[in-house]
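Going by the numbering used here, the letters in the sequence shown line up with residues 31 to 490, in that order.
In this text, a Cβ means the ideal position worked out from N, Cα and C, and glycines have one as well.
Computed from a predicted structure; not experimentally measured.
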Amino acid sequence: MKEIKKITCIGAGYVGGPTMSVIAQKNPNVTITVVDLNQARIDAWNDTDLEKLPVYEPGLDAVVAEARGRNLFFSTNVEQAIDEADMIFISVNTPTKTYGKGKGQAADLKYIELCARQIAAVAKSDKIVVEKSTLPVRTAAALKSILDNTGNGVNFHILSNPEFLAEGTAVTDLHNPDRVLIGGEDADAIEALVQVYEAWVPRERILTTNLWSSELSKLVANAFLAQRVSSINAISELCEVTGANVDEVSRAIGYDSRIGSKFLKASVGFGGSCFQKDILNLVYIARSYNLTEVADYWEQVIILNDHQKARFAENIIQTMYNTVNGKKIAFLGWAFKKDTNDTRESAAIYVADHLLEEEAQVIVYDPKVPAEQVYKDLDYLGTRSPEDNRRLVTVVNDPYEAMHGSHAIAILTEWDEFKCYDWPRVKEDMKKPAFVFDGRKLLDRNKLSMLGFNYYAIGE
Ligand code: UPG
Numbered sequence: 031m032k033e034i035k036k037i038t039c040i041g042a043g044y045v046g047g048p049t050m051s052v053i054a055q056k057n058p059n060v061t062i063t064v065v066d067l068n069q070a071r072i073d074a075w076n077d078t079d080l081e082k083l084p085v086y087e088p089g090l091d092a093v094v095a096e097a098r099g100r101n102l103f104f105s106t107n108v109e110q111a112i113d114e115a116d117m118i119f120i121s122v123n124t125p126t127k128t129y130g131k132g133k134g135q136a137a138d139l140k141y142i143e144l145c146a147r148q149i150a151a152v153a154k155s156d157k158i159v160v161e162k163s164t165l166p167v168r169t170a171a172a173l174k175s176i177l178d179n180t181g182n183g184v185n186f187h188i189l190s191n192p193e194f195l196a197e198g199t200a201v202t203d204l205h206n207p208d209r210v211l212i213g214g215e216d217a218d219a220i221e222a223l224v225q226v227y228e229a230w231v232p233r234e235r236i237l238t239t240n241l242w243s244s245e246l247s248k249l250v251a252n253a254f255l256a257q258r259v260s261s262i263n264a265i266s267e268l269c270e271v272t273g274a275n276v277d278e279v280s281r282a283i284g285y286d287s288r289i290g291s292k293f294l295k296a297s298v299g300f301g302g303s304c305f306q307k308d309i310l311n312l313v314y315i316a317r318s319y320n321l322t323e324v325a326d327y328w329e330q331v332i333i334l335n336d337h338q339k340a341r342f343a344e345n346i347i348q349t350m351y352n353t354v355n356g357k358k359i360a361f362l363g364w365a366f367k368k369d370t371n372d373t374r375e376s377a378a379i380y381v382a383d384h385l386l387e388e389e390a391q392v393i394v395y396d397p398k399v400p401a402e403q404v405y406k407d408l409d410y411l412g413t414r415s416p417e418d419n420r421r422l423v424t425v426v427n428d429p430y431e432a433m434h435g436s437h438a439i440a441i442l443t444e445w446d447e448f449k450c451y452d453w454p455r456v457k458e459d460m461k462k463p464a465f466v467f468d469g470r471k472l473l474d475r476n477k478l479s480m481l482g483f484n485y486y487a488i489g490e
C-alpha cells in the first residue's frame with residue numbers, strides 16, 4: 031500500500047480549513063495543502079494575525095500556529111496542489127439547488143463536478159479522491175465516471191469520509207471524534223486514509239463501510255439530530271398550552287438511557303448550513319425513488335422547524351398588543367448558535383424577517399457577526415428592498431445600546447455573555463412594560479420576573 035505523503039484539500043471553508051489543520055497537526059510527516067480559488071480567503075488563512083482566520087473556532091488558532099508553514103499550507107494554486115497530491119479531499123460547498131429540477135431540495139453538485147473535471151485534467155499519477163462534502167447518495171459513482179472518462183488514464187479510487195464536526199466545537203470534535211467514517215470499495219485506499227486518522231484516533235472508532243452506506247449515514251445522522259430538535263420543539267408548543275415545562279420534560283425523558291439527554295433543548299428553531307440542506311436532500315432522494323411516506327416523514331422535521339420560528343415571531347407580535355409597527359425590538363444574537371460567527375439558516379434571520387413585515391424596528395447585537403452579514407442575510411431573502419432592510423434594521427456593537435429605549439428584547443442565540451448583563455440597568459433603560467422573549471431559554475425566569483420584566487420563554 032502506498033504511503034500518503036502529500037494531501038491536498040480543495041475548499042478552505044468551515045470544514046476543509048479546520049479538518050486539514052488538525053490532520054496536519056497530527057501528521058507532521060504529511061504535507062497538506064489547502065487550496066481555494068478565493069484569494070481573500072486564502073490570504074486570511076495565511077494571515078500572521080491569527081485573529082483574522084476566516085473561521086472562528088475555539089482552539090483553531092493554536093492548531094494553525096503549530097502546523098502552518100511546517101506541513102500545512104494554504105494556496106490558490108489549485109493545479110499544482112492537485113498534481114503533487116497522493117490524496118485529494120473535496121470539501122467544496124454543496125448548496126441546495128436554487129434553479130431547475132430539484133430546486134429548493136436537491137444538492138447542487140456543480141462545484142463537485144468542476145472539481146472532478148479539474149482533478150481529471152491535471153492528474154498525471156494515481157490519486158485517492160476523498161468526498162468530504164456532504165453529498166447525495168451515489169455521488170461517488172458520478173465522480174468516478176467523470177474522473178475515469180476525462181482523465182489521463184491514471185487510476186482514481188474514491189472514498190467517502192463525511193465530516194461530523196459541529197461548529198463552535200470543531201477542534202475538540204476533530205481531536206476527539208465519536209467516530210470517523212470511511213466508505214469505499216478499494217481496501218488499500220481505505221487503509222491509506224485509516225492510517226492518516228490513526229495518528230490520533232483509536233482504531234476501533236474508525237468505521238469502514240461501503241461507499242453508499244457512508245454517504246447515506248451522513249445525511250441520516252443530521253436528519254436524526256434535527257429530528258430530535260423538531261420533536262422537542264413540537265412538545266414545547268404543547269407545554270405552553272398545558273402548563274408543562276419543556277425543560278422538565280426534556281430532563282425527564284433524557285434520563286431514559288435509550289433516549290439520552292443530548293440534543294433535547296427546545297429553541298426558536300435549528301439553523302446552520304447542514305440540517306435543513308441535508309434533510310431536504312434526503313427528502314428529495316426518497317421522492318425520486320417514489321418513497322412518498324418516507325419523504326413526507328422527514329419533510330415534517332423542516333415544516334415543524336419553520337413553524338417554530340414563525341410562531342416565536344407571532345408570539346412577540348401578539349403579546350405586544352398585536353402591533354410592533356415602529357417598536358424597537360432588540361435582537362440579542364444573530365448567529366445560528368453560540369461560539370460561531372456563522373449565520374447560515376439562522377433562526378434570527380427568519381424571525382427578523384417576520385417582524386420587519388410588520389414594520390418593527392430591529393436593533394441587532396451579536397458578539398461575532400458584523401453588520402454587513404446581517405444585511406446580506408436579509409437581502410438574500412428578497413422579501414423587501416435592501417434600502418428597506420437598512421431603514422428598519424440597525425446593527426450595533428454594544429448590547430446596551432441595542433437594548434436602550436427598546437420595547438422588547440428577543441434572544442435568538444445562546445451566547446453565554448447574555449446571562450451576565452446588568453439586567454437591572456437594562457430594565458431601567460427600556461420602554462415599559464419591558465418584554466423579554468427568550469428563544470433559547472437562557473435567562474433565569476425568577477430573576478427577570480423579580481426585576482419586573484414580562485418574561486416569555488419557549489415551552490413554558
Ligand atoms: N439545536 C437546538 N437544540 C438542541 C441542539 C441544537 O435548538 O438541543 C440547534 C442549534 O442551536 C443550531 C442547530 O440546532 O441552530 C444545529 O446545531 P449543531 O448540530 O450543534 O450545529 P452544526 O454545526 O450545524 O452541526 C451539525 C451536526 C454535525 C455536522 C454538521 C454539518 O451536529 O455533526 O457535522 O451539522 O453537517
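Nearest to residue 449 by CA position, among 472, 198, 442 and 63, is which residue? As a first step, residue 449 is located in the sequence shown; it is residue number 419 there, counting from the start. Closest by alpha carbon: 472.
List the endpoints of the continuous beta strand (DSSP E) containing residue 391. Taking the first residue of the sequence shown as 1, we reach residue 391 at position 361. Residues 391-395.
CA-to-CA distance, residue 90 to residue 368, given in whole angstroms: Position 338 of the sequence shown, counting from 1, holds the residue named residue 368. Position 60 of the sequence shown, counting from 1, holds the residue named residue 90. Using only the alpha carbons, I get a separation of about 16 angstroms.
Whole angstroms are fine: how far does the CA of residue 306 sit from the CA of residue 247? Taking the sequence shown and counting its residues from 1, one reaches residue 247 at position 217. Taking the sequence shown and counting its residues from 1, one reaches residue 306 at position 276. Approximately 16 angstroms, taken between the alpha carbons.
Identify every residue that forms a DSSP beta bridge with residue 485. For the purposes of this step, residue 485 is taken as the residue at position 455 of the sequence shown. Per DSSP, 466.
For residue 365, which of helix, strand or coil comes out of DSSP? Counted from its first residue, the sequence shown places residue 365 at position 335. It is coil, neither helix nor strand.
Would you be able to state if there are at least three C-beta pairs under 8 angstroms between the region 414-426 and the region 445-460? no
Threshold first: 4 residues or longer. Then list the alpha helix (DSSP H) segments lying entirely within the region 438-462, N to C. 453-459
Residue 479, buried or exposed, once every other Cβ within 10 Å from all chains shown has been counted against 16: Taking the sequence shown and counting its residues from 1, the one referred to as residue 479 is at position 449. The residue is exposed, with fewer than 16 neighbouring Cβ atoms inside 10 Å.
Where does residue 161 fall in DSSP's three states? One-based indexing of the sequence shown puts residue 161 at position 131. Strand at residue 161.
Taking the continuous beta strand (DSSP E) assigned at residue 205, which residues delimit it? The sequence position of residue 205 within the sequence shown is 175, counting from 1. That residue, residue 205, is in no beta strand (DSSP E); its alpha helix (DSSP H) goes 200-205.
Extract the residue ranges of the beta strand (DSSP E) inside the region 213-277, only unbroken runs of 3 or more that lie entirely within it. 236-239
What residue does the beta strand (DSSP E) around residue 187 start on, and which one ends it? Residue 187 sits at position 157 when you count from the first residue of the sequence shown. 186-190 is the extent of the beta strand (DSSP E) around residue 187.
Option nearest residue 58 by Cα separation, candidates 310, 101, 88 and 353: Here residue 58 is taken as the residue at index 28 of the sequence shown, counted from 1. When only C-alpha atoms are compared, the closest one is 101.
Skipping 5 residues on each side, what residues in its chain have a beta carbon closer than 8 angstroms to that of residue 237? In the sequence shown, residue 237 corresponds to position 207, counting from 1. Contacts found: 209, 210, 211 and 212.
Could you give the first and the last residue of the continuous beta strand (DSSP E) run that contains residue 64? As a working mapping, residue 64 is identified with position 34 in the sequence shown. Looking at the DSSP string, the run of the beta strand (DSSP E) that includes residue 64 is 61-65.
Residue environment, residue 370, which counts as buried when at least 16 other CB atoms sit within 10 Å: Here residue 370 refers to the residue found at position 340 when the sequence shown is read from its first residue. Residue 370 comes out buried.
State yes or no: is the C-beta of residue 377 within less than 9 angstroms of the C-beta of residue 297? For the purposes of this step, residue 377 is taken as the residue at position 347 of the sequence shown. For the purposes of this step, residue 297 is taken as the residue at position 267 of the sequence shown. Contact flag set, yes.
If you run the structure through DSSP and keep just helix, strand and coil, what is residue 386? If you number the sequence shown from 1, residue 386 lands on position 356. The DSSP-derived three-state label of residue 386 is helix.
Starting from the N-terminal side, write out each stretch of the alpha helix (DSSP H) that is 4 residues or longer and does not extend beyond the region 38-91. 46-56 and 69-76, all fully within the region 38-91.
Less than 9 angstroms separating the beta-carbons of residue 49 and residue 204? Counting from 1 along the sequence shown, the entry for residue 49 is found at position 19. Counting from 1 along the sequence shown, the entry for residue 204 is found at position 174. Contact flag set, yes.
So, are the CB atoms of residue 399 and residue 433 less than 9 angstroms apart? Walking along the sequence shown from the start, residue 399 turns up at place 369. Walking along the sequence shown from the start, residue 433 turns up at place 403. Their beta carbons are not under 9 angstroms apart, which means residue 399 does not touch residue 433 by this criterion.
Considering only heavy atoms of ligand 1 and the C-beta of each residue, which residues fall inside 6 angstroms, strictly closer? Spelled out in chain order, the answer is 164, 193, 194, 195, 196, 197, 252, 255, 259, 293, 294, 295, 297, 300, 301, 302, 304, 305, 366 and 367.
What is the rounded straight-line gap between the Cα of residue 163 and the Cα of residue 192? As a working note, residue 163 is residue 133 in the sequence shown. As a working note, residue 192 is residue 162 in the sequence shown. One alpha carbon belongs to residue 163, the other to residue 192, and they sit about 7 angstroms apart.
Going by C-alpha distance, which of 481, 476, 442 and 459 is nearest residue 467? Numbered from 1 along the sequence shown, position 437 holds the residue referred to as residue 467. It is 442 whose Cα lies nearest to the Cα of residue 467.
Is it the case that the Cβ atoms of residue 364 and residue 407 are separated by a distance below 9 angstroms? Taking the sequence shown and counting its residues from 1, the one referred to as residue 364 is at position 334. Taking the sequence shown and counting its residues from 1, the one referred to as residue 407 is at position 377. Against a cut-off of 9 angstroms, the Cβ pair of residue 407 and residue 364 comes out as a contact.
Can you tell me the Cβ-Cβ gap for residue 491 and residue 135, rounded? I've got them flagged as a contact below 8 angstroms. What is shown of the chain runs 31 to 490, which leaves residue 491 out entirely.
Locate the alpha helix (DSSP H) running through residue 318, then write down its first and last residues. Counting from one through the sequence shown, the residue named residue 318 turns up at place 288. 305-318 is the extent of the alpha helix (DSSP H) around residue 318.
Beta carbon of residue 63, beta carbon of residue 38: below 9 angstroms? Within the sequence shown, numbered from 1, the residue matching residue 63 stands at position 33. Within the sequence shown, numbered from 1, the residue matching residue 38 stands at position 8. Yes, the Cβ-Cβ distance between residue 63 and residue 38 is below 9 angstroms.
Output yes or no for whether 9 angstroms exceeds the beta carbon distance between residue 438 and residue 339. Reading the sequence shown from its first residue, position 408 is the one you call residue 438. Reading the sequence shown from its first residue, position 309 is the one you call residue 339. Cβ atoms of residue 438 and residue 339: not closer than 9 angstroms.
DSSP beta-bridge partners for residue 433? Here residue 433 is taken as the residue at index 403 of the sequence shown, counted from 1. In the DSSP output, where bridge partners are listed per residue, residue 433 has none listed.
Validate contact between the region 309-329 and the region 272-289 using beta carbons, cut 8 angstroms, 3 pairs: no
Decide if the region 104-119 is in contact with the region 64-73; the criterion is three or more beta carbon pairs, one per stretch, under 8 angstroms apart. yes
First through last residue of the beta strand (DSSP E) which encompasses residue 102: Locating residue 102 in the sequence shown gives position 72, where the first residue counts as 1. Taken as a continuous stretch (DSSP letters only), the beta strand (DSSP E) holding residue 102 covers 102-105.
Which same chain residues, not among the five before or five after residue 83, have their C-beta less than 8 angstroms away from its C-beta? On the sequence shown, residue 83 is found 53 positions in, with the first residue counted as 1. Around residue 83: 47, 74, 75, 77, 90, 91 and 94.
Would you kindly report the start and end of the unbroken beta strand (DSSP E) that includes residue 342? As a working mapping, residue 342 is identified with position 312 in the sequence shown. Run containing residue 342: none in the beta strand (DSSP E); it sits in the alpha helix (DSSP H), 322-349.
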